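Chains as they are written, first to last, in UniProt numbering: chain E, 1 to 193; chain C, 1 to 193.
Every residue gets a Cβ at the ideal spot worked out from N, C-alpha and C, and that includes glycine.
Owing to the predicted nature of the structure, the values given are computational and were not obtained by experimental measurement.
Beneath this line is the structure, given in structure tokens, with notes to follow.
Protein chains: 2
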Amino acid sequence: MSVQQRRERERARRHDLIVSAARELAEAEGWDAVTTRRLSEKIEYSQPVLYSHFSGKDAIAAAVALEGFAELADALASARTGAGAPREALARVFAAYAAFAYANPALYDAMFTLATDLPFAQPTTPAPLQAAFTQFYEVLAPLVGDREAGTFTEVAWSALHGLVTLERGGRLSVGRRDERLELLVEQFLIPLG
Amino acid sequence: MSVQQRRERERARRHDLIVSAARELAEAEGWDAVTTRRLSEKIEYSQPVLYSHFSGKDAIAAAVALEGFAELADALASARTGAGAPREALARVFAAYAAFAYANPALYDAMFTLATDLPFAQPTTPAPLQAAFTQFYEVLAPLVGDREAGTFTEVAWSALHGLVTLERGGRLSVGRRDERLELLVEQFLIPLG
DNA sequence: TCAATCTCCTAGCACTGCTAGCAACGCGGT
DNA sequence: ACCGCGTTGCTAGCAGTGCTAGGAGATTGA
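In structure tokens:
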């Protein structure tokens, strides 16, 4: 009884250990460096142990991604609640999103490039994903006007994601990061005059 | 003299053969299926031959990407020149961009996800990339208003890229593709009233 | 015809994700 | 306290990856 509980606790600890090890390794050297061997070395267990926790490497990346969505939702929430007027709230949330992406590049990769099979915009969508999306929805709601709110939210989020992605990939002219973000915010504020 | 010319011609043919084989294979089964062995089998040469043409697998993907940018520039150009008023031109160019991405998913991957070391927004940027960007610039120029034209172009392109990326990844609600594109276009048209 | 060059293939290296099979540990029942 | 048994986690190995060394074989010019 209590023995089994202790075991489950230890298993849960090791589960988290794997996820955080993968995340650290990815953030330090990129996802290419996250191999099952290096991971097993880092957690001080053999490789097969990984497969008793996750179905494979992709599942580990998905777990990291999920952690990322939870943190992103938190970051957006605190940016939103700390703001006053709708205009300011939007600017702050967008800035928080961009800052999150730049501060955790490997994590952002896991969320949007690696974990391709996380169910989005569906009934089975994990809570952290829904939470993050909701933050966008809430901050954009006052600005919707006569548009469809869900569509408007998706488009705004997409635009921000695109900006962050190309920025991080070195595909935009250097040194104009802030100007671009500001312009994007303005573009979504315009309808309010 | 003429012998050497023939050889160079044959080498060029084989170069193109590799690029088109990689593209076909990627489009048919995804980039994970594009291994040096399968590629060499497809072109009916041994693997080392690939390395006499390209420095490695990444370079092959970059060559495919370059081809993609050239085709994208063409598609955008014909969409733009076929249009009348600035509003219509923008809508048509955006639609052409999205259609290109959906029609050639693996090619789009090569352009924006795989080939991470293509120099963008720099003096050494390859001509096809500049051409594609120029199409955006030209179609957006009449809509710039008091914004900085280059920045405006980059932001608009980023937004469209983000929409396409999340759409393709199944991260947006299904069945609203056209509505989203339309809303994005409207969003960038608004300043003109 | 012969030597030289150049092209291209076979074989192999170090690595990847993942799995089979076994040894040893720790548990529950007597 | 002991012993059988189930569980845990290891070693070893498989098929496949990108890439390269070395040597055959064909093609060239003299």
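Taking 7 Å as the CB-CB cut-off, is residue i touching chain E?
i, result
"L163/C", "yes"
"T81/C", "no"
"G175/C", "no"
"S55/C", "no"
"I190/C", "yes"
"E154/C", "yes"
"A159/C", "yes"
"R168/C", "no"
"R11/C", "no"
"L72/C", "no"
Rounded to whole angstroms, what is the Cα-Cα separation between residue i and residue j?
i, j, result
"R14/C", "L50/C", "9 Å"
"R37/C", "K57/C", "11 Å"
"Y102/C", "R9/E", "46 Å"
"P142/C", "L184/E", "18 Å"
"R176/E", "G170/E", "12 Å"
"T165/C", "I43/C", "31 Å"
"R11/C", "A21/C", "15 Å"
"residue 266/C", "H53/C", "With chain C represented from 1 up to 193, any question about residue 266/C goes unanswered, as that position is not in the structure."
"A65/C", "L189/C", "30 Å"
"L172/E", "A89/C", "23 Å"
"T153/C", "F133/C", "8 Å"
"R168/E", "L76/C", "25 Å"
"A96/C", "R23/C", "21 Å"
"S78/E", "E71/C", "44 Å"
"A115/E", "A62/E", "5 Å"
"G193/C", "P119/C", "Here G193/C scores only 45 on pLDDT, less than 50, and its place in the model is too uncertain to base an answer on."
"residue 194/C", "E67/E", "Residue 194/C cannot be examined here, being either before or after the span of chain C that is shown, 1 to 193."
"L140/C", "S40/C", "44 Å"
"D178/E", "T35/C", "40 Å"
"W31/E", "R180/C", "32 Å"
Could you spell out where the alpha helix (DSSP H) holding residue i opens and where it closes?
i, result
"V139/C", "A127 to L140"
"P119/E", "From DSSP, P119/E is part of no alpha helix (DSSP H); its letter is neither H nor E."
"D146/E", "Careful: D146/E lies outside any alpha helix (DSSP H) and carries neither H nor E."
"V174/C", "It is not in any alpha helix (DSSP H) - V174/C carries neither H nor E in the DSSP assignment."
"L107/E", "P105 to D109"
In or out: residue i buried (at least 16 other Cβ within 10 Å) or exposed?
i, result
"R6/E", "exposed"
"P48/C", "exposed"
"G84/C", "exposed"
"P128/E", "buried"
"Q187/C", "buried"
"T81/C", "exposed"
"Q135/E", "buried"
"E29/C", "exposed"
"S158/C", "buried"
"D16/E", "exposed"
"G145/E", "exposed"
"D109/C", "buried"
Would you please verify whether the beta carbon of residue i is less than 7 Å from any beta carbon of chain C?
i, result
"A121/E", "yes"
"E179/E", "yes"
"L39/E", "no"
"R87/E", "no"
"T35/E", "no"
"L184/E", "yes"
"L107/E", "no"
"L172/E", "yes"
"M111/E", "no"
"T151/E", "yes"
"R14/E", "no"
For this session: Scan the segment 5 to 91 of chain C and note each continuous alpha helix (DSSP H) run of 4 residues or more that stays entirely inside, going in chain order.
Result: Positions of the alpha helix (DSSP H) runs, each at least 4 residues long and wholly inside the segment 5 to 91 of chain C, are given as 36 to 43, 47 to 53 and 57 to 81 in order along the chain.
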